[in-house]
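A short write-up of the structure that comes next.
There are 2 protein chains.
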Amino acid sequence: MSAAPARLLHHRTAIETTIGRVLQTYGQPASLYDPVRYLFDAGGKRIRPLLVTLAAEACGAPFDHAVPAAVAVELLHTFTLVHDDIMDRSALRRGRPTVHMKWNDSVAILSGDVMMGLAMRLLEESAQHAPRPLDVISAFSTGLIDVCDGQALDMEFQERSTVSEDEYMEMITKKTAKLLEMSVAIGASIAGAPDHHVAALRAFALGIGVAFQMQDDILDLTGGDAFGKTPGGDVLEGKKTWLMLAAQRRATQVEHITLIGEFFANHGLPQDRIADVQSMCDELGVLNDARHLVEAHTTQAFHHLHSLASSDARHDLEFLARSLMQRTT
Amino acid sequence: MSAAPARLLHHRTAIETTIGRVLQTYGQPASLYDPVRYLFDAGGKRIRPLLVTLAAEACGAPFDHAVPAAVAVELLHTFTLVHDDIMDRSALRRGRPTVHMKWNDSVAILSGDVMMGLAMRLLEESAQHAPRPLDVISAFSTGLIDVCDGQALDMEFQERSTVSEDEYMEMITKKTAKLLEMSVAIGASIAGAPDHHVAALRAFALGIGVAFQMQDDILDLTGGDAFGKTPGGDVLEGKKTWLMLAAQRRATQVEHITLIGEFFANHGLPQDRIADVQSMCDELGVLNDARHLVEAHTTQAFHHLHSLASSDARHDLEFLARSLMQRTT
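Chains as they are written, first to last, in the numbering used here: chain P, 3 to 331; chain Z, 3 to 331.
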């Protein structure tokens, strides 16, 4: 992966400056805002905020018009992580204690809630520049509903014995990809982009989002993740990924059916069965098909992006998407 | 309390119809939206939504322009109740199991979250009619931040040994009164009301909100509540109301100091000490001063309301405020 263009770093700096301004403006009560500061101090790649500013620029707006909205999207993303971590009883996030572990559930619920309010205020700042301000708000609220739908489906699927691959795709689309789609839609609406540009950017981000999540599932199983996570975490946790669902539907050999059956019955498999799952997914062609799906979604996504006129911002969007997808090569 | 005017019932019907439409539009995933339906099926007086529609009308807008925003405010109010009930570990609300008891914490967190999204979508519908749509959004986001601030202060105060009366007033203002203020501000901004009308309506609603909460605290102690709650619930729970804080500051007699000391040390007092607290608050003039504060805030509130031109809607706002304050006489 090549170094990020200077322009991206410039956007990134503006985003961090606005985050700093928000943290300075909202500090009291400390029990409410200390967790917000803690979360932002953890840093992050700011992929979603950059999608907002770059989409705005690709559609002709000055990128700084979109910076507050970009931070709004990061607040929404962070809010979902805080609340999801409570629901999933996750102890760590990016190697640090989650908010509900460092403080408690109440603090995590409430600091998540207030991030929604902060996000709306920032969204208003950017919406002032938009020819149709309510389009900006609308993209955001739709995204919020989608991620809640996605998280609810995710929790429902954990309880269910059968989930179809289509249902899984719907879940990851809503839980992950829609936030990326929302990011570019907000950027485009700040610029007052024509409908076909908005649609192209949406299709681009949605495709990248689905491809990214699918690839994440593949890398979790195959261990190709450069971040050094132990392979098979999803198998240990009993996560019903597309891979396991496709394997469940395709399995005909006794040993595959038994393995899948144990996985579903026991909500996961022990460490010493991960190699068996890897072999099974390989033998059933599941891994191969998943890789093809990633490829197809990525290609399609870039096809949509290229329907926009060439520009520095379009180039940066492509760079951002490729670096997201290529983090493991 | 006299019967509600037909006009209020008309507004109320429109509000319920829009709630019905929302519940019909958003139904799946069931785990997400069943709790929303459950909460709205519980009914309610819809005070806040009526403040929205009446304020809009009092400022010259057709009331139906404000109905979606009115439901947005009810969604925000309901969202705060669901999340507060988790934090307070409340088992019942209006005599029915709370969402986290009937389902679980995760469902309660997430269905609360999605109500924010639904609220924003409804807000957008009404904002389309506003001359400055972002004023509508801004009143809402400010209100959301305020109620989070208020709840955080409430939780902080529960842990602290000393809280000043001013701090208590700040807390109830943010936690309760600001939601009423937000309601009229949203209505007025839908109508594009001039600043001095918005300010007058805000001051009216804020005053009524503070008076209402103070009166609620008084009635909890004196048992004058027509809803038949056992008097002294706040004392049992160790709630640091204005009454207890004022008593703490004023107490000079040994028995008062001892009583207050036990209350703060043990986070509440047993049933058989409630009468002592009642006598103490009477003897220290705390109850009397609190009643005067209620009176002063109410009078001031109506004074602000009357700066608006006389109209049916203004009359209904007064009726609504009086019925809120007089529910126990």
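Even glycine gets a Cβ: it sits at the ideal position worked out from N, Cα and C. Please read all numbers here as calculations on a predicted model, not as lab measurements.
1. In the structure shown, what three-state DSSP assignment does Leu94 of chain Z receive?
2. Once DSSP output is grouped into helix, strand and coil, what is the label at Pro272 of chain Z?
3. Applying a beta-carbon distance threshold of less than 8 Å, which residues of chain P neighbour Met184 of chain Z?
4. Please list, in chain order, the chain Z residues whose beta carbon lies closer than 7 Å to that of Val116 of chain P.
5. Does the beta carbon of Thr330 of chain P come closer than 9 Å to any beta carbon on chain Z?
6. State the Cα-Cα distance for the pair Asp274 of chain Z and Val288 of chain Z, rounded to the nearest angstrom.
7. For Ile345 of chain Z, which residues in chain P fall below 7 Å Cβ to Cβ?
8. Measure the CB-CB distance between Leu182 of chain Z and Ala207 of chain Z and report whether it falls below 9 Å.
9. Considering only DSSP beta bridges, list what Pro99 of chain P is partnered with.
10. With DSSP collapsed to three states, give me the class of Cys283 of chain P.
11. Using a Cβ cut-off of 7 Å, pull out every chain Z residue sitting near Gln255 of chain P, in sequence order please.
12. Does the beta-carbon of Gln215 of chain Z have 16 or more other beta-carbons within 10 angstroms, so that it is buried, or is it exposed?
13. Determine the DSSP secondary structure at Leu83 of chain P, reduced to helix, strand or coil.
14. Name the chain Z residues that come within less than 7 Å of Glu158 of chain P, Cβ to Cβ?
15. Starting from Ser378 of chain P, trace the alpha helix (DSSP H) in both directions and tell me its first and last residue.
16. First and last residue of the alpha helix (DSSP H) that includes Trp105 of chain Z?
17. Would you kindly check if the distance between the Cβ of Val84 of chain P and the Cβ of Ala63 of chain P is under 9 Å?
18. Ignore the nearest five residues each way along the sequence and tell me which others in Ser313 of chain P's own chain have a CB closer than 7 Å to its CB.
19. For a cutoff of 9 Å on Cβ pairs, would you count Leu25 of chain P as touching chain Z?
20. Pick from Z:Thr20, Z:Leu53, Z:Thr19, Z:Val38: whose alpha carbon is nearest that of Asp318 of chain Z?
21. Which residues in the same chain as Gln250 of chain Z place their Cβ atom closer than 6 Å to its Cβ, once the five residues preceding and following it in sequence are excluded?
22. Which residue marks the beginning of the alpha helix (DSSP H) containing Tyr170 of chain P, and which one marks its end?
23. Can you tell me whether Cys61 of chain P is helix, strand or coil according to DSSP?
24. Using a 10 Å radius around the Cβ and a threshold of 16 neighbouring Cβ atoms, would you call Arg123 of chain P buried or exposed?
25. Pick helix, strand or coil for Thr164 of chain P, following the three-state DSSP scheme.
26. Could you pull the start and end residues of the alpha helix (DSSP H) that Cys245 of chain P belongs to?
27. Less than 9 Å between CB atoms is the rule here; does His85 of chain Z satisfy it with respect to chain P?
28. Mind listing the chain Z neighbours of Gly119 of chain P? Cutoff is C-beta to C-beta under 7 Å, in chain order.
29. How many Å lie between Lys177 of chain Z and Ile147 of chain Z at the Cα?
30. Just tell me which of P:Ala303, P:Ala248, P:Ile49, P:Pro31 has its CA closest to the CA of Ile17 of chain P.
31. Does DSSP classify Gln342 of chain Z as helix, strand or coil?
32. Lys180 of chain P lies in the alpha helix (DSSP H); which residues open and close that run?
33. Would you report the Cα separation of Val212 of chain Z and Leu245 of chain Z, rounded to the nearest angstrom?
34. Does DSSP put Gly114 of chain P in a helix, in a strand, or in coil?
35. Let me check understanding here. Comparing Cα to Cα, which of P:Ala8, P:Pro135, P:Asp156, P:Pro233 lies closest to Gln280 of chain P?
36. If we call anything under 9 Å between Cβ atoms a contact, is Ser92 of chain P one with Pro37 of chain P?
Let me lay it out:
1. Taking the second sequence and counting its residues from 1, the one referred to as residue 94 of chain Z is at position 92. For Leu94 of chain Z, the secondary structure class from DSSP, reduced to helix, strand or coil, is strand.
2. As a working note, residue 272 of chain Z is residue 270 in the second sequence. If DSSP states are grouped into helix, strand and coil, Pro272 of chain Z belongs with coil.
3. For the purposes of this step, residue 184 of chain Z is taken as the residue at position 182 of the second sequence. Ordered by position in chain P, no residue passes the 8 Å Cβ test against Met184 of chain Z, which lies about 11 Å from the chain.
4. Mapped onto the first sequence, residue 116 of chain P falls at position 114. The contacting residues are Ile147, Cys150.
5. Translated into positions along the first sequence, residue 330 of chain P becomes position 328. Any reading at Thr330 of chain P needs caution, since the residue's pLDDT is 47, under 50, leaving its predicted position unreliable; the model's value is listed next. Cβ-Cβ to chain Z under 9 Å: no for Thr330 of chain P.
6. As a working mapping, residue 274 of chain Z is identified with position 272 in the second sequence. As a working mapping, residue 288 of chain Z is identified with position 286 in the second sequence. Computed Cα separation, rounded: 21 Å.
7. Nothing in the structure corresponds to residue 345 of chain Z, since chain Z is present only between 3 and 331.
8. For the purposes of this step, residue 182 of chain Z is taken as the residue at position 180 of the second sequence. For the purposes of this step, residue 207 of chain Z is taken as the residue at position 205 of the second sequence. In contact: Leu182 of chain Z and Ala207 of chain Z (Cβ atoms closer than 9 Å).
9. Position 97 of the first sequence, counted from the start, is the residue given in the question as residue 99 of chain P. BP columns for Pro99 of chain P point to P:Leu94.
10. Position 281 of the first sequence, counting from 1, holds the residue named residue 283 of chain P. Note: Cys283 of chain P maps to helix in three-state DSSP.
11. Reading the first sequence from its first residue, position 253 is the one you call residue 255 of chain P. Chain Z residues near Gln255 of chain P: none, gap ~34 Å exceeds 7 Å.
12. Within the second sequence, numbered from 1, the residue matching residue 215 of chain Z stands at position 213. So Gln215 of chain Z ends up on the buried side.
13. One-based indexing of the first sequence puts residue 83 of chain P at position 81. Assigned with DSSP and collapsed to three states, Leu83 of chain P falls in helix.
14. Counting from 1 along the first sequence, the entry for residue 158 of chain P is found at position 156. By Cβ distance, chain Z contributes Pro31, Ser33.
15. Residue 378 of chain P cannot be examined here, being either before or after the span of chain P that is shown, 3 to 331.
16. By one-based count along the second sequence, residue 105 of chain Z stands at place 103. Counting along the chain, Trp105 of chain Z sits inside no alpha helix (DSSP H), nor does DSSP assign it H or E at all.
17. Within the first sequence, numbered from 1, the residue matching residue 63 of chain P stands at position 61. Within the first sequence, numbered from 1, the residue matching residue 84 of chain P stands at position 82. The beta carbons of Ala63 of chain P and Val84 of chain P sit no closer together than 9 Å.
18. If you number the first sequence from 1, residue 313 of chain P lands on position 311. Excluding residues up to 5 positions away in sequence, Ala60 lie with their Cβ nearer than 7 Å to the Cβ of Ser313 of chain P in the same chain.
19. The residue given as residue 25 of chain P occupies position 23 in the first sequence. Residue-level contact by beta carbon fails for Leu25 of chain P and chain Z, as no gap is shorter than 9 Å.
20. Here residue 318 of chain Z is taken as the residue at index 316 of the second sequence, counted from 1. Among Z:Thr20, Z:Leu53, Z:Thr19, Z:Val38, the Cα nearest to that of Asp318 of chain Z belongs to Z:Leu53.
21. To locate residue 250 of chain Z, count along the second sequence from 1; it is residue 248. These residues qualify, in order along the chain: Ile262.
22. Counted from its first residue, the first sequence places residue 170 of chain P at position 168. Where Tyr170 of chain P is concerned, the enclosing alpha helix (DSSP H) stretches over 167-174.
23. In the first sequence, the residue the question calls residue 61 of chain P occupies position 59. The answer is coil: DSSP assigns Cys61 of chain P none of H, G, I, E or B.
24. Numbered from 1 along the first sequence, position 121 holds the residue referred to as residue 123 of chain P. So Arg123 of chain P counts as buried.
25. Numbered from its first residue, the first sequence carries residue 164 of chain P at position 162. Three-state DSSP puts Thr164 of chain P in coil, outside helix and strand.
26. Against the first sequence, residue 245 of chain P aligns to sequence position 243. The question names Cys, but residue 245 of chain P is Leu in the sequence shown. It spans 244-252 - the alpha helix (DSSP H) in which Leu245 of chain P sits, taken as one unbroken run.
27. One-based indexing of the second sequence puts residue 85 of chain Z at position 83. Yes, His85 of chain Z counts as interfacial toward chain P.
28. In the first sequence, counting from the first residue as 1, residue 119 of chain P sits at position 117. Those are Ser143, Leu146, Ile147, Cys150, listed as they occur along chain Z.
29. Locating residue 177 of chain Z in the second sequence gives position 175, counting from the first residue. Locating residue 147 of chain Z in the second sequence gives position 145, counting from the first residue. Each residue's alpha carbon lies about 10 Å from the other.
30. Residue 17 of chain P sits at position 15 when you count from the first residue of the first sequence. Selected option, being the one with the closest Cα: P:Ile49.
31. Residue 342 of chain Z is absent from the structure shown; chain Z starts at 3 and stops at 331.
32. Mapped onto the first sequence, residue 180 of chain P falls at position 178. Taken as a continuous stretch (DSSP letters only), the alpha helix (DSSP H) holding Lys180 of chain P covers 180-192.
33. Within the second sequence, residue 212 of chain Z is the residue found at index 210, counting from 1. Within the second sequence, residue 245 of chain Z is the residue found at index 243, counting from 1. The alpha-carbon of Val212 of chain Z is positioned some 14 Å away from that of Leu245 of chain Z.
34. On the first sequence, position 112 is the one that residue 114 of chain P refers to. Helix.
35. Looking up residue 280 of chain P in the first sequence gives position 278. Comparing Cα positions, the closest option is P:Pro233.
36. As a working mapping, residue 92 of chain P is identified with position 90 in the first sequence. As a working mapping, residue 37 of chain P is identified with position 35 in the first sequence. Cβ distance not < 9 Å, so Ser92 of chain P and Pro37 of chain P don't count as in contact.
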